[in-house]
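Protein chains in written order, with my numbering: chain A, -8 to 105; chain B, 8 to 122.
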C-alpha cells in the first residue's frame, strides 16, 4: 500500500524566513501530487498540484514544490514566509492505478512568529 | 459558487449511539469522497462515490459505517453504533469528472466526539 511521509510535525520560524517542508511517498507507479493547507478555523484548500510536465510547480501565495521522481519526493518551499502562512500543511498523493483517492501525510504545523 | 458543506460541524454522542453526518458537494460534482482524521493521525480515505454508486469503499473501517448518496447529490455517513475510536474529524470532498477528477475540494469537516 502506498504511504506518504512528512518529515516535520511542527515548524516554527520568523517572518521573512524561508520555508521548506519535506514530503516523500512510497509508490513505484505514476502519481499525481498535491499540497493542501488548512489555515486556523478554515477548511482544507489546495495549494498546488503536479500531474505531469515541468517538475517545478508554482502554486498560490508564493508557494512552489519540486517533484523529484528519483527521490520519490515533492517538497514544498516558500522563499519568505509571512505571519499569515501559519497553518497546517498536508502532502497528498494519488496513485493513478488506485482510482481517485488521496493518501495523505501526517501534516506539518507551521507557526510563523511576527 | 458555494463550496462543499457539511452538517453538523460538531457532534458529541455517547458510545453505542447513532450519528449521521451529511455532506453537500459542489453542484455538478459527480465525485464525492469521505475522509477521516483521527486525532494525531493522518487524514485517511474512507470511500468514493461516483454519482450514486460506490466506486471505492476500501477505506471503510467496518460495517458500523454506512454511506449513502441517494440521487447522486448529497451524501450521508452513518455510524451505528458509535465506538470511542470513531472520534475524529470527518471530511467530505468533491470533484468534477474527467481530467479534473483528481482535484478535490474539501468541506470544513464534522468533528465527532464519542464519549
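Note that the Cβ used here is the ideal one computed from N, Cα and C, for glycine as well.
Beta carbon proximity, residue i to chain C, threshold 8 Å
| i | result |
| --- | --- |
| residue 34/A | Any reference to chain C falls outside this structure, whose protein chains are A and B. |
Cross-strand partners of residue i (DSSP beta bridge)
| i | result |
| --- | --- |
| residue 119/B | 18/B and 95/B |
| residue 55/A | 49/A and 68/A |
| residue 1/A | 100/A |
| residue 12/B | 31/B |
| residue 26/A | 39/A and 82/A |
| residue 15/A | -4/A and 64/A |
| residue 112/B | 101/B |
Beta-carbon neighbours of residue i, restricted to chain B and to distances below 9 Å
| i | result |
| --- | --- |
| residue 37/A | 110, 111, 112 and 113 |
| residue 110/A | Since the first and last residues shown for chain A are -8 and 105, residue 110/A lies out of range. |
Check whether residue i and residue j have beta carbons under 8 Å apart
| i | j | result |
| --- | --- | --- |
| residue 12/A | residue 47/A | no |
| residue 24/B | residue 114/B | no |
| residue 15/B | residue 117/B | yes |
| residue 72/B | residue 85/A | no |
| residue 8/A | residue 101/A | no |
| residue 30/B | residue 82/B | yes |
| residue 11/B | residue 101/B | yes |
| residue 87/A | residue 21/A | yes |
Residue i: contacting residues in chain B (beta-carbon distance under 7 Å)
| i | result |
| --- | --- |
| residue 54/A | Near residue 54/A there are no residues of chain B at all, since even the closest Cβ is about 16 Å away, more than 7 Å. |
| residue 81/A | 50 |
| residue 23/A | 109 |
| residue 85/A | 109 |
Chain-ordered neighbours of residue i on chain A, where CB pairs are closer than 7 Å
| i | result |
| --- | --- |
| residue 94/B | Under the 7 Å cutoff, chain A gives no residues; its nearest Cβ is about 18 Å from residue 94/B. |
Closer than 9 Å at the beta carbon, the chain A residues around residue i
| i | result |
| --- | --- |
| residue 98/B | 34 and 35 |
| residue 105/B | Those do not exist, as residue 105/B stays about 12 Å from chain A at its closest Cβ, beyond 9 Å. |
Contacts that residue i makes with chain A (C-beta to C-beta distance below 8 Å)
| i | result |
| --- | --- |
| residue 82/B | Correct list: empty, because the minimum Cβ distance to chain A is about 15 Å. |
| residue 102/B | 91 |
| residue 79/B | Simply none; closest approach about 16 Å. |
| residue 87/B | Here the premise fails: no neighbours, minimum Cβ distance about 24 Å. |
Residues of the stretch 91 to 104 of chain A in Cβ contact with chain B at a cutoff of 8 Å, in chain order, please. 91, 92, 93, 94, 95, 96, 97 and 98
Given a limit of 8 Å on CB to CB distance, which residues of the stretch 13 to 42 of chain B reach chain A? 38, 40 and 42
Mind pulling the beta strand (DSSP E) runs of 3 or more residues that sit fully within the stretch 21 to 63 of chain B? 26 to 31, 38 to 44, 50 to 57 and 60 to 63
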